[in-house]
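In terms of the numbering used here, the sequence shown opens at residue 258 and continues consecutively.
Heads up, the beta-carbon is just placed ideally off N, CA and C, and yes, glycines get one too.
Heads up: the structure comes next, in structure tokens.
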Amino acid sequence: MSFLDPAHEQVIESFMKGDWEAVIEAQAVLNEPYFLWPKPNKNDLYFISDSMKRLNIERILSIGCGCGLLEWLLMVASGVKVTGIEIDKNYWKSKYARKSFIDLVFPQEEAFSENICKDNNALMFCYFNDMDAFLEYLNIYPGHCLIIIGPENCGRHTAPSPYDENIPNEWQLWKMREIATTGDYICIYTKRKLNIL
């Protein structure tokens, strides 16, 4: 017996079939963020993947990725390599955890150190809510690409927000895109000291 409503089950069923377009359609009608806060369409996914190609990024490290649905969509829709990072290994390995759509890496594992130290990986924060932790990640990250996805002036809050004034000055907005008319934005930042384009 399932405790999920039919729309949630449709997301999982489509995921099991590998049908990412059906996952996007099913996710779009959910009224609450059980799996994913933003409601990206395929053009949003292509915007991210095309940007990563232009910036010579090999992999996206998604910090605080939760169940990893956005990350899975990016991988299957565009071929971008994505690693999901979560803090609480005990929760995500427990029977109480939500369904995880990707394998997760935890900071205490060697794979975390290997990935965070590569300068051709991007950092992504989607609906992240811990400014201190965000700044700590930036301090150890040697790379040149930062992706922030979240709301802007629409009654929801993240830290950082896509255009947050607390993002260190070494980062400049390179490209942005609103996800439909949701008030959610994808903002891609690059380091100012690098002229990579």
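Worksheet item: Taking Cβ positions, are E435 and Y420 nearer each other than 8 angstroms?
Response: Taking 8 angstroms as the cut-off, the beta carbon of E435 is found no closer than this to the beta carbon of Y420.
- What are the complete alpha helix (DSSP H) segments, minimum 4 residues, inside the segment 334-391? Whole alpha helix (DSSP H) segments, 4+ residues: 346-349 and 367-373.
*asked:* For V268, which residues in the same chain have their Cβ closer than 8 angstroms to its Cβ, ignoring the five residues on either side in sequence?
replied: Closer than 8 angstroms at the Cβ level, and outside the excluded window around V268, lie V280, A283, Q284, L287, F292 and L326.
Original post:
At what residue ranges does the segment 416-445 contain a whole run of the beta strand (DSSP E), taking only runs of 3 or more?
Top reply: As far as the segment 416-445 is concerned, its whole beta strand (DSSP E) runs of at least 3 residues are 428-435.
* **Length at least 3, wholly inside the segment 259-339: the beta strand (DSSP E) runs in chain order** => Correct list: 316-320.
| request: Evaluate E427 with the Cβ neighbour count: other Cβ atoms within 10 Å of its Cβ, from every protein chain shown; 16 or more gives buried, anything less gives exposed. | output: Classification of E427: exposed, given that the 10 Å Cβ count is below 16.
Given a threshold of 16 other Cβ atoms within 10 Å of its Cβ, counted over all protein chains shown, does S308 qualify as buried or as exposed? Buried, by the Cβ-count rule.
Inset, instruction - Sort C383, P399, Y398 and N396 by Cα distance to P295 and report the nearest one. - result: When C-alpha distances from P295 are compared across C383, P399, Y398 and N396, the shortest belongs to C383.
- Item | Among E371, M273, G323 and V362, the one whose alpha carbon lies nearest that of P290 | Ranking E371, M273, G323 and V362 by Cα distance to P290 puts G323 first.
Run of the beta strand (DSSP E) containing G400, from where it starts to where it stops = For G400, there is no enclosing beta strand (DSSP E), as DSSP gives it neither H nor E.
Q | Beta-carbon proximity of L361 to E343, cut-off 8 angstroms | A | Taking 8 angstroms as the Cβ cut-off, L361 and E343 qualify as a contacting pair.
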